[in-house]
């Protein structure tokens, strides 16, 4: 089962980059995308497409990552299409709410911005394994730990969220089956019985999660987890290709900002 | 040695003490089993052995270190490892390697040392080659072995297992028990809490608990010698001992101290040969 955002192993230039470089680049790119004019958008699109080619990730896989947000993007497009003032596209009538040329333009640019945002995040998660992503987060937050930001605890929490997501999926399926076997109304026609089934399902999942968290905390304590110094199996190190990538991305972003 | 002196413990919500004046010593290299009906206090007792719980009364010390002293806890938890019932809720890392490295990381060992310990631990439990596997792709038995490896990587002297095979099928349970026996052979003290009488016949010493106290202690043969007392406590005999006891009840002369299937088979074979039973 493909979960959107799943890591796809590979050995491309992008895969080999330090995850901090990738994470910061995506954040910078996202800010750029949000404030871009249509011309800059086109250039950024070309940039992202070239990244997809370099990373050798199949475009089909990345398209699938857009599926969960497809409805949202469609609604966004429609809203701009219909509610932007301007000259109506024939044969649509001249009403306050109608399809206009300006609406078409704005709809396309805004929804494309969103597509670019999701794509850049997907390239990041597809070319960077979760362990590295968390390590990058921890390393980037570490300087702030002297200001009270618990960088290591945050990294631990994100890491455990990654670790348990598939487990939750498996457990949800099990809970649903167990409740259906006892006559819960997941497939019944009335909204009332479906709602009740959904509530009982969610309650069980939440309660199980609390119990699980409790047992996990005990197990971690038993393995001497505590505040204070810990060492990690992997430490991130910047290499030549990271400096190269940083220069390239910064130049690109700088050029776009000027544009 | 883990020393427990006059240990009492009362939960906040409890009317009665969960533990009532327990005295116990766990020697280096011994295999101790703890059994008892639900609510007898066995889980509460073992949680005191690595400082997860602090005594309400009495004291617990590991190799001379008192568990009430917070400074000692890290060292105590390195020496006394604990494996829990639910295989899933012990695995923290995103990969097997990362999870087994969790313990040594908490001890702030060098990266080189962590890597060596991870490899050694995985080999000991028979999971070499599993380093990059994700937890959700493992079977329950494999997860439990990863949990044991995670504890082994801390180089403990004592390993406490709280019903480690409760969530496992019989075949996988046997595999885990074999790993535990192997570790015992290497000189690690094993303390196993179990519900299954069958599993503990290999123990050096068995502790039977009831209502917060130790009711009976001894070798497996000694402890299973009084079936009515055990049944009164709500416990079952191991299958081999149960058969012998019932045969005895029918007037057939069999040894009273048999606990393993092998001994039972030998005894029955002897009976048949000796024609004490009508064919």
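Residue numbers (our numbering), protein chains in the order written: chain A, 1 to 259; chain B, 1 to 279.
Note that beta-carbon positions come from the ideal geometry of N, C-alpha and C, so glycine has one too.
Let me know the secondary structure DSSP gives residue 3 (chain B) once reduced to three states.
Along the second chain, one-based indexing puts residue 3 (chain B) at 3. Correct three-state label for residue 3 (chain B): strand.
So, helix, strand or coil for residue 279 (chain B), using DSSP?
Taking the second chain and counting its residues from 1, the one referred to as residue 279 (chain B) is at position 279. Note that residue 279 (chain B) scores 49 on pLDDT, short of 50, meaning its location in the model is unreliable; the coordinates nonetheless yield the value given after this. Here residue 279 (chain B) sits in coil by DSSP.
Tell me the DSSP secondary structure of residue 200 (chain A) in three-state form.
Mapped onto the first chain, residue 200 (chain A) falls at position 200. Helix, per DSSP.
Tell me whether the beta-carbon of residue 160 (chain B) lies closer than 7 Å to the beta-carbon of residue 82 (chain B).
On the second chain, position 160 is the one that residue 160 (chain B) refers to. On the second chain, position 82 is the one that residue 82 (chain B) refers to. Closer than 7 Å, so yes.
What residue range is occupied by the uninterrupted beta strand (DSSP E) comprising residue 82 (chain B)?
Counted from its first residue, the second chain places residue 82 (chain B) at position 82. Here the beta strand (DSSP E) through residue 82 (chain B) covers 80-83.
Considering only residues of the same chain and omitting the five flanking positions on each side of residue 14 (chain A), which have a CB-CB separation below 8 Å?
Your numbering for residue 14 (chain A) matches position 14 in the first chain. Hits under 8 Å: 22, 51, 54, 55, 123, 127.
Is residue 106 (chain A) buried or exposed, if buried means 16 or more other CB atoms sit within 10 Å of its CB?
Locating residue 106 (chain A) in the first chain gives position 106, where the first residue counts as 1. Under this definition residue 106 (chain A) is a buried residue.
Among the candidates A:199, A:155, A:189, whose CA atom is the shortest distance from the CA of residue 175 (chain A)?
Indexing the first chain from 1 puts residue 175 (chain A) at position 175. Of the candidates A:199, A:155, A:189, the one whose C-alpha sits nearest the C-alpha of residue 175 (chain A) is A:199.
In angstroms with no decimal places, state the Cα-to-Cα distance between residue 159 (chain A) and residue 228 (chain B).
Looking up residue 159 (chain A) in the first chain gives position 159. Looking up residue 228 (chain B) in the second chain gives position 228. Distance between the alpha carbons of residue 159 (chain A) and residue 228 (chain B) is about 52 Å.
With 7 Å set as the bound, which would you pick, yes or no: does the beta-carbon of residue 54 (chain B) sit closer than that to a beta-carbon of chain A?
Sequence index remark: in the second chain, residue 54 (chain B) carries index 54 (1-based). Closer than 7 Å: no.
Taking 7 Å as the cut-off, decide whether the C-beta atoms of residue 106 (chain B) and residue 243 (chain A) are in contact.
Here residue 106 (chain B) refers to the residue found at position 106 of the second chain. Here residue 243 (chain A) refers to the residue found at position 243 of the first chain. In this structure, residue 243 (chain A) does not lie closer than 7 Å to residue 106 (chain B) by Cβ.
For residue 147 (chain B) versus residue 121 (chain B), is the C-beta distance shorter than 7 Å?
Start at 1 with the first residue of the second chain, and residue 147 (chain B) comes out as number 147. Start at 1 with the first residue of the second chain, and residue 121 (chain B) comes out as number 121. In this structure, residue 121 (chain B) does not lie closer than 7 Å to residue 147 (chain B) by Cβ.
Which residues, in order along the stretch 208-225 of chain A, keep a beta-carbon less than 9 Å from a beta-carbon of chain B?
Result list: 211, 212, 213, 214, 215, 216, 218, 219, 220, 221, 222, 223, 224, 225.
With DSSP run on the structure shown, which of helix, strand or coil describes residue 61 (chain B)?
Along the second chain, one-based indexing puts residue 61 (chain B) at 61. DSSP places residue 61 (chain B) in strand when its eight states are reduced to three.
With DSSP as the reference, label residue 88 (chain A) as helix, strand or coil.
The sequence position of residue 88 (chain A) within the first chain is 88, counting from 1. Three-state DSSP puts residue 88 (chain A) in a strand.
CA-CA distance, residue 212 (chain A) and residue 88 (chain B)?
For the purposes of this step, residue 212 (chain A) is identified with residue 212 of the first chain, where counting begins at 1. For the purposes of this step, residue 88 (chain B) is identified with residue 88 of the second chain, where counting begins at 1. Looking at the two C-alpha atoms, the distance is approximately 9 Å.
What is the DSSP secondary structure of residue 160 (chain B), reduced to helix, strand or coil?
As a first step, residue 160 (chain B) must be located in the second chain, where it is residue number 160. Residue 160 (chain B) falls in the strand class under three-state DSSP.
Find the residues of chain A that neighbour residue 92 (chain B), judging by a C-beta separation of less than 9 Å, and give them in chain order.
Numbered from 1 along the second chain, position 92 holds the residue referred to as residue 92 (chain B). What residue 92 (chain B) touches in chain A: 156, 159, 160, 163, 216, 219, 220, 223, 225.
Just the Cα atoms here: how many angstroms apart are residue 77 (chain A) and residue 60 (chain A)?
Working through the first chain from its first residue, we reach residue 77 (chain A) at position 77. Working through the first chain from its first residue, we reach residue 60 (chain A) at position 60. C-alpha separation (whole angstroms): 22 Å.
Since residue 163 (chain B) and residue 195 (chain B) are thought to touch, with beta carbons under 8 Å apart, how far apart are those beta carbons, to the nearest angstrom?
Numbered from 1 along the second chain, position 163 holds the residue referred to as residue 163 (chain B). Numbered from 1 along the second chain, position 195 holds the residue referred to as residue 195 (chain B). About 6 Å; that satisfies the 8 Å criterion.
Taking beta-carbon pairs under 9 Å, can you tell me which members of the stretch 79-106 of chain B lie near chain A?
Within the stretch 79-106 of chain B, the qualifying residues are 80, 81, 82, 83, 84, 85, 86, 88, 89, 90, 91, 92, 93, 94, 95, 97, 98, 99, 101, 102, 103, 104, 105, 106.
Closest Cβ-Cβ distance between residue 233 (chain A) and chain B: below 7 Å?
To locate residue 233 (chain A), count along the first chain from 1; it is residue 233. Yes, residue 233 (chain A) counts as interfacial toward chain B.
Leaving aside the five residues before and after residue 241 (chain B) along the sequence, list all residues of the same chain whose C-beta is less than 7 Å from its C-beta, in chain order.
For the purposes of this step, residue 241 (chain B) is taken as residue 241 along the second chain, with counting starting at 1. Hits under 7 Å: 224, 258, 259.
Where does residue 139 (chain B) land, buried or exposed, given buried means 16+ other C-beta within 10 angstroms?
Residue mapping note: residue 139 (chain B) aligns to position 139 of the second chain, counting from 1. Exposed is the call here.
Tell whether a beta-carbon distance below 7 Å holds between residue 50 (chain B) and residue 77 (chain B).
The count along the second chain starts at 1 and reaches residue 50 (chain B) at position 50. The count along the second chain starts at 1 and reaches residue 77 (chain B) at position 77. Yes, these two residues count as a Cβ contact at 7 Å.
Could you pull out every residue in the same chain whose Cβ sits closer than 7 Å to the Cβ of residue 29 (chain B), ignoring the five residues on either side in sequence?
What you label residue 29 (chain B) is simply residue 29 of the second chain in a count that begins at 1. Cβ within range, chain order: 187, 189.
Please report the Cβ distance between residue 109 (chain B) and residue 231 (chain A), rounded to the nearest whole angstrom; I am assuming they are in contact, meaning their Cβ atoms lie under 8 Å.
Locating residue 109 (chain B) in the second chain gives position 109, counting from the first residue. Locating residue 231 (chain A) in the first chain gives position 231, counting from the first residue. 6 Å between Cβ atoms; contact.
Quick one: list the residues of chain A neighbouring residue 135 (chain B), beta-carbon separation under 9 Å, in chain order.
Here residue 135 (chain B) corresponds to residue number 135 of the second chain, with the count starting at 1. Neighbours of residue 135 (chain B) on chain A, chain order: 163, 164, 166, 167.
Suppose contacts are defined by Cβ-Cβ distances below 7 Å. Is residue 10 (chain B) in contact with residue 56 (chain B) by that definition?
Numbered from its first residue, the second chain carries residue 10 (chain B) at position 10. Numbered from its first residue, the second chain carries residue 56 (chain B) at position 56. Taking 7 Å as the Cβ cut-off, residue 10 (chain B) and residue 56 (chain B) qualify as a contacting pair.
Any Cβ of chain B within less than 7 Å of the Cβ of residue 230 (chain A)?
The sequence position of residue 230 (chain A) within the first chain is 230, counting from 1. Yes, contact with chain B.
Return the residue from the list B:18, B:197, B:44 that minimises the CA-CA distance to residue 218 (chain A).
Here the question's residue 218 (chain A) lines up with position 218 in the first chain. The candidate whose alpha carbon is nearest that of residue 218 (chain A) is B:44.
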